[in-house]
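Enquirer: Before I ask anything, let me first share the structure, which is written out below as structure tokens.
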Amino acid sequence: MAYEHLRLEREAPINPRHPRRFGGSFKPDDPRAYGVVLGQRLQAAKARIADPAQADIGGFDERKLLKIRLHAGDKSVPPFDAIPGVEIVSQEDESVVLAFATDEGLSEFERRLTALARDGVVTRKELLFAVEDFDHWTPEERKGNALRDHGFPAAATFTLDIELWPQERQDKRQAMVRAFVAWQQELSIEKLDEIQQGDSGDGRDTATACGGRHFRPNQMYKIHTPGGAEHYPPKGRCWVTIESEYQRLLAEGRMWFGSDGRGVPRKKTYLNEQEGRMSWTWWPNDEVGNTQESKKEIISLFGPENVFDTPKPERLVHRILHIATNPGDLVLDSFAGSGTTGAVAHKMGRRWIMVELGEHCHTHVIPRMKKVIDGEDGGGVTEAVEWKGGGGFRYYKLAPSLIVNDRWGNPVINPDYNAAQLAEALAKLEGFSYAPSELQWWQHGHSSERDFIYVTTQNLSAEQLQALSDEVGSDQSLLVCCAAFHGVSAAAAAERWPNLTLKKIPKMVLARCEWGHDDYSLNVANLPMAQPEEAQHAPRPAPGGRGKKAAAMPDLFGDDGEAT
């Protein structure tokens with residue numbers, strides 16, 4: 035045997051300052067018709083079947099219990115006892131507990147109450163209260179509560195249906211309903227805007243009152259309307275334009291005097307002259323798409339076997355970017371997913387950066403962006419923005435942390451970096467252009483024509499630093515990034531070799547960025563820009579230099595722009 039258990043609800047306290055008022059009648063297609071909501075709930079209730087092991091309810095086998103709260107003193111109560119298959123278990127004050135012996139009885143009750151609601155007879159308190167969570171009741175509790183005219187246990191959990199009852203707090207569904215109402219109002223306003231108030235043929239227009247709140251003598255004059263009426267500014271006010279400006283607007287057909295030509299003058303403003311309006315809170319799916327549309331877009335790009343789980347429709351992203359950005363702006367999507375944001379931004383003439391840690395960058399993002407650039411993506415907003423293809427992008431893979439801890443916890447250079455990678459990384463970090471010289475082994479990059487950088491993992495001695503300074507010369511400067519130096523203090527080195535600037539690699543890197551993070555949460559706020567002026571440091575070659583070998587070192591970002 036199966037027991038039909040329905041939903042249990044109660045009335046929330048009514049806020050006297052913000053009462054929820056509804057009219058006494060509704061049109062058949064009005065979504066606020068409570069009977070429609072009730073019918074949907076009853077249909078869902080009939081589809082649920084409880085655990086057969088918990089279905090024994092004694093004398094109420096196979097019956098469906100339903101509790102109705104009625105408006106006090108209301109006479110328009112449905113004739114429950116006249117419905118076949120319905121039995122009034124109890125009735126006390128405003129509550130009635132009904133038992134439905136058959137599905138036909140429940141369906142007939144649904145039909146009658148729905149019809150009453152649509153006819154505007156049922157008040158908002160003549161609504162359904164039903165029992166929920168019968169599964170944890172014992173058969174004795176079920177039978178006893180029904181016979182004691184309660185219909186549900188004293189410790190039952192109550193839930194609120196905000197479509198039916200007012201409440202004090204603001205929740206998401208109330209905000210959504212208000213947004214929907216505002217959207218309907220906008221539609222009504224838009225319909226009014228479509229009415230042509232003039233016959234200039236310049237498209238839709240609106241009219242603005244010409245009265246100003248201040249008083250100026252040169253804005254006080256009499257206006258003759260085309261219909262023969264005369265108008266002066268209202269008492270204590272003036273026209274918003276001087277008379278010569280008014281005459282110009284009149285000659286251009288920019289003044290409106292009502293349908294009879296005798297009204298107070300109003301200035302016409304055409305829609306193509308307005309800068310825009312605030313975006314609505316309610317975005318219908320016929321304007322911004324839905325999940326079905328987005329999945330179709332993905333299938334058209336990658337086929338049905340490679341569908342992304344949670345794609346966004348291009349029209350939705352287009353609406354967001356249209357509101358928040360301008361052509362040429364940089365759009366950052368830190369969770370690229372299927373690449374929708376980058377694709378739409380590219381089509382709209384925005385620059386973009388997408389970040390993705392998963393394999394989506396290879397399975398979805400890169401193939402999608404190639405199709406956008408090649409003009410092979412004809413879906414989404416392609417037609418709306420008149421995209422024909424073009425542009426390009428670079429693809430980078432994040433390198434590992436430059437500095438890691440050794441087994442004793444001391445920061446050391448990551449052994450995954452070879453000499454070339456280390457030199458390029460430090461050059462970028464210090465604001466130098468990485469450009470190994472084929473002639474000078476100590477030139478790994480430059481910030482100007484006379485300022486260079488040299489990177490080595492050696493522990494340089496004072497003698498090596500002296501030789502490096504001599505080779506650099508007094509007319510050039512060199513930043514030396516080394517593992518360590520000995521035989522001279524930092525202060526003495528700065529005084530002894532003014533063309534050299536010495537930095538120890540672990541310390542200089544640790545002060546610039548985070549390291550040892552798998553998520554690569556780099557602190558880029560302190561990364562330096564290229565030096566605008568020539569620096570004041572210059573170095574000198576260390577014995578045993580690497581000569582032209584430095585020029586053959588591999589690019590940190592590879593030939594195709596991908597880090598290795």
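In terms of my numbering, the sequence shown opens at residue 35 and continues consecutively. Heads up, the beta-carbon is just placed ideally off N, CA and C, and yes, glycines get one too. These numbers come from a predicted model, not from an experiment.
Could you check which residue in VAL389, MET382, HIS394 has the C-alpha nearest to that of ILE407?
Expert: MET382
Enquirer: Going along the chain, which residues of its own chain have a beta-carbon closer than 7 Å to the beta-carbon of ASP509, five neighbours each way excluded?
Expert: ARG484
Enquirer: Note the first and the last residue of the continuous beta strand (DSSP E) segment covering PRO445.
Expert: 445-447
Enquirer: Among ASP363, TRP386, ASN448, VAL446, which one has its Cα closest to the Cα of ARG428?
Expert: TRP386
Enquirer: Taking the alpha-carbon of PRO260 as reference, which of GLY287, VAL389, GLY295 has the nearest alpha-carbon?
Expert: GLY295
Enquirer: Using the three-state DSSP reduction, which class does GLU174 fall into: helix, strand or coil?
Expert: Per-residue confidence for GLU174 stands at a pLDDT of 47, beneath the threshold of 50, marking its modelled position as unreliable; the derived number appears in the next sentence. It is helical.
Enquirer: The alpha helix (DSSP H) with VAL389 in it runs from where to where?
Expert: From DSSP, VAL389 is part of no alpha helix (DSSP H); its letter is neither H nor E.
Enquirer: Give a yes or no on whether the C-beta atoms belonging to TYR468 and ALA453 are separated by under 8 Å.
Expert: no
Enquirer: In chain order, what residues of the same chain lie with their CB nearer than 8 Å to the CB of VAL365, ignoring the 5 residues before and after it?
Expert: The beta carbon of VAL365 is closer than 8 Å to those of LEU355, THR359, THR375, GLY376, ALA379, ARG384, ARG385, TRP386, ILE387 in its chain, skipping five residues each way along the sequence.
Enquirer: Evaluate HIS606 with the Cβ neighbour count: other Cβ atoms within 10 Å of its Cβ, from every protein chain shown; 16 or more gives buried, anything less gives exposed.
Expert: Residue numbering for the chain in the displayed model covers 35 to 598; residue 606 lies beyond these limits and cannot be assessed.
Enquirer: Cα-Cα, which of LEU335, TRP317, ASP450, PRO347 is closest to SER328?
Expert: PRO347
Enquirer: Residues in its own chain within less than 6 Å of TRP171 by CB, not counting five upstream and five downstream?
Expert: Unreliable placement is indicated for TRP171, whose pLDDT of 39 sits below 50; no coordinate value is reported for it.
Enquirer: Closest to ILE437 by C-alpha separation, out of LEU463, LYS330, GLY270, would be which residue?
Expert: LEU463
Enquirer: Helix, strand or coil, according to DSSP, for ALA518 in the structure here?
Expert: Here ALA518 sits in strand by DSSP.
Enquirer: Would you grab the beta carbon distance between TYR280 and TRP290 for me? Rounded to a whole angstrom, and I think it's under 8 Å.
Expert: TYR280 to TRP290, Cβ: 13 Å. No contact.
Enquirer: How would you label GLY507, buried or exposed, when you count the other beta carbons within 10 angstroms and need 16 or more for buried?
Expert: exposed
Enquirer: Considering only residues of the same chain and omitting the five flanking positions on each side of THR242, which have a CB-CB separation below 7 Å?
Expert: Residue confidence for THR242 is low, a pLDDT of 49 falling below 50, so the modelled location carries little weight; the figure read from the coordinates is stated next. In the same chain as THR242, and ignoring 5 residues on each side of it, the C-beta atoms closer than 7 Å to its own belong to ARG300, LYS301, THR303, in chain order.
Enquirer: List the DSSP bridge partners of MET289.
Expert: LYS301
Enquirer: Is VAL389 closer than 8 Å to SER368 when the C-beta atoms are compared?
Expert: yes
Enquirer: Could you pull out every residue in the same chain whose Cβ sits closer than 8 Å to the Cβ of HIS520, ignoring the five residues on either side in sequence?
Expert: ASN493, LEU494, SER495, ALA496
Enquirer: Can you tell me whether DSSP reads ASP320 as helix, strand or coil?
Expert: helix
Enquirer: Within the continuous beta strand (DSSP E) that includes THR325, where are the two ends?
Expert: That residue, THR325, is in no beta strand (DSSP E); its alpha helix (DSSP H) goes 325-336.
Enquirer: Would the beta-carbon of HIS398 fall within 8 Å of that of GLY373?
Expert: yes
Enquirer: In three-state DSSP terms, what is THR397?
Expert: helix
Enquirer: Determine the burial state of PRO267: buried for a count of at least 16 other Cβ atoms within 10 Å of its Cβ, exposed for fewer.
Expert: buried
Enquirer: Where does LYS381 fall in DSSP's three states?
Expert: helix
Enquirer: According to DSSP, is ASP294 helix, strand or coil?
Expert: coil
Enquirer: Can you tell me which of GLY287, HIS265, GLU264, MET254 puts its alpha carbon nearest to the alpha carbon of ARG271?
Expert: MET254
Enquirer: Assuming PRO539 contacts ALA525 under a Cβ cut-off of 8 Å, what Cβ separation, rounded to an integer in Å, is found between them?
Expert: Here the sequence assigns Ile to residue 539, which means Pro is not the residue at that position. That belief does not hold up - the Cβ atoms of ILE539 and ALA525 are roughly 20 Å apart, past 8 Å.
Enquirer: For the beta strand (DSSP E) containing VAL438, list its first residue and its last residue.
Expert: 437-439
Enquirer: Between which two residues does the beta strand (DSSP E) harbouring VAL419 extend?
Expert: No beta strand (DSSP E) contains VAL419, which DSSP labels as neither H nor E.
Enquirer: Counting along the chain, where does the alpha helix (DSSP H) carrying VAL351 start and finish?
Expert: That run of the alpha helix (DSSP H) goes 348-358.
Enquirer: Just to confirm before moving on: does the CB-CB distance between PRO434 and ASN444 stay below 8 Å?
Expert: no
Enquirer: Do ASN533 and LEU512 have their CB atoms nearer than 8 Å?
Expert: yes
Enquirer: Thinking just about the alpha-carbon of each residue, which of GLY412, HIS265, LEU473 is nearest to the one in VAL298?
Expert: HIS265
Enquirer: If we call anything under 8 Å between Cβ atoms a contact, is SER481 one with GLY465?
Expert: yes
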